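Asks: Let me begin by handing over the structure; questions about it come next.
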Amino acid sequence: MSGEIFTIVIADIDSAIKSFNQLAEATGFKPSRCDVAVVKPNICGFYPPNPDLLKATMLYAGNYAKTVYVGDTASTMHSPKERFKSLSLYEKLRDIQGVKLVDFSEYGKVNVNVIKHRACASLPLPSVLMETGLFINLARAGSHPTTRLTCCVKNMFGLLMVKSKFLNYHAKGVDKVLADLVKVVPKGLHIAEVKDEVLFGVDPFTVDLAVCRLLSIEPTTVRHLTMIAEDRGLNLSNVVDRLNIQYFQ
Numbered sequence: 000m001s002g003e004i005f006t007i008v009i010a011d012i013d014s015a016i017k018s019f020n021q022l023a024e025a026t027g028f029k030p031s032r033c034d035v036a037v038v039k040p041n042i043c044g045f046y047p048p049n050p051d052l053l054k055a056t057m058l059y060a061g062n063y064a065k066t067v068y069v070g071d072t073a074s075t076m077h078s079p080k081e082r083f084k085s086l087s088l089y090e091k092l093r094d095i096q097g098v099k100l101v102d103f104s105e106y107g108k109v110n111v112n113v114i115k116h117r118a119c120a121s122l123p124l125p126s127v128l129m130e131t132g133l134f135i136n137l138a139r140a141g142s143h144p145t146t147r148l149t150c151c152v153k154n155m156f157g158l159l160m161v162k163s164k165f166l167n168y169h170a171k172g173v174d175k176v177l178a179d180l181v182k183v184v185p186k187g188l189h190i191a192e193v194k195d196e197v198l199f200g201v202d203p204f205t206v207d208l209a210v211c212r213l214l215s216i217e218p219t220t221v222r223h224l225t226m227i228a229e230d231r232g233l234n235l236s237n238v239v240d241r242l243n244i245q246y247f248q
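Counted the way numbering that gives the first Met the number 0 counts, the sequence shown spans residues 0 to 248.
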C-alpha cells in the first residue's frame, strides 16, 4: 500500500449529470448486476443533494439493479418522508422505474461487529444495506460544528439505525464512531458535491481528503480522517500526496 495512488475524478456539475457513467468508470468502479442497490443521499442533513445529480445517480444505479432504495434516517431536524416532500423529490423522481424513496428505520437492522473498534464494538445498520449489491454514497460538502467537515464519511452517519444519534454517540465521540463506521459499510461509489464541482471515488476517506484540498481545509484538523488513516496504518500526509485528482474533459 505504500506506493498506492488514490484516484479521484472531478467534473463540473453539469458534466457530472450528463456523463455520470463515464465518471464512475474513470474511478475504476465496476458494479455488477444485482437485485438491490442502495443510494444514501444527505436528505435529512444541512446539505441536501442537487436533485438532478440525485436523479442521475438513481438512473445509474437502475442500470444495474432491479430495485433502487434511496433513503436516510431521521436527524434532529428532519424525517426522511417530510424531507422528500419538502424537497419535491416525490414529484421530481416519480418517473424512474424501480426506485423507492425510503426511511431506512422502517426496515430491519443488522448489528455489525467492528474489528479493532475505537468507540463501538458493533453498529446497527439497515439490513437492506448489508444485502445490497451496489452502494452509492452521495454527499454535499459543508462545515459541521462537531466534525469540522461533513461530506462522504459524515454522510454515512445517517445509516445508523438509532434514534437521536448525536445523543447516543456524542459521549463516545462522533469522530471515533465515524472511524468505526467506515470499517463496516459495504464498498461502493462515493460522490461529493463541492460548490459547483462533483468528485467521484471508491473510498469515502480519500474523496473527503480531496474535498479538504478544494476547500483549503487542513486534513489533520478533521479528526475522523486522521483516525481512519491511523486505523489503516497510513500516514495522512502521504495519502494526501498520493491523491491522483483527474479533471474530466
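The C-beta atom is built at its ideal place from N, Cα and C for all residues, glycine as well.
Fair warning: this is a prediction, and the values are worked out from it, not measured in the lab.
1. Going by the beta-carbon positions, is the gap between P203 and V239 smaller than 7 Å?
2. Excluding the 5 residues preceding and the 5 following N237 in the sequence, name in chain order all residues of the same chain whose CB lies nearer than 7 Å to its CB.
3. Curious, which full-length beta strand (DSSP E) runs of at least 3 residues does the region 105 to 183 contain?
4. Identify, in the order they occur along the chain, each residue of the same chain with its Cβ nearer than 6 Å to the Cβ of V197, setting aside the five sequence neighbours on each side.
5. Determine the extent of the alpha helix (DSSP H) in which H77 is found, giving its start and end residues.
6. On the three-state DSSP scale, how would you describe D230?
7. In this structure, does DSSP put C43 in helix, strand or coil?
8. Would you kindly work out how many angstroms separate the C-alpha atoms of G157 and Q245, rounded to a whole number?
9. Using the C-alpha atoms, what's the distance from L124 back to V113?
10. Are the Cβ atoms of G200 and V193 separated by less than 7 Å?
11. Determine the contact status of L188 and F5, defining contact as a CB-CB distance below 7 Å.
12. Classify L224 as helix, strand or coil using the three-state DSSP reduction.
13. Quick one: is M76 buried, meaning 16 or more other Cβ sit within 10 Å of its Cβ, or exposed?
14. Per DSSP, what kind of secondary structure is T56 in: helix, strand or coil?
15. Give the straight-line distance between the Cα atoms of G107 and S126, rounded to the nearest whole angstrom.
16. With distances taken from CA atoms, which of G27, F134, L148 is nearest C211?
17. Have a look at Y68 and V8 and give me their C-alpha separation to the nearest angstrom.
18. Among the candidates A36, T145, A73, whose CA atom is the shortest distance from the CA of E105?
19. Below 6 Å CB to CB, which residues in the same chain sit around M0 once its five sequence neighbours on both sides are set aside?
20. Any idea what DSSP makes of K65, helix, strand or coil?
Replies: Reading from the atomic positions:
1. no
2. none
3. 108 to 112, 121 to 125, 133 to 139, 141 to 143, 147 to 149
4. A10, I12, A15
5. First-last for H77: undefined, no H or E at that position.
6. helix
7. coil
8. 29 Å
9. 12 Å
10. no
11. no
12. helix
13. exposed
14. helix
15. 5 Å
16. L148
17. 25 Å
18. A73
19. Bear in mind that the predicted position of M0 carries a pLDDT of just 48, short of 50, making it too unreliable to give a figure here.
20. strand
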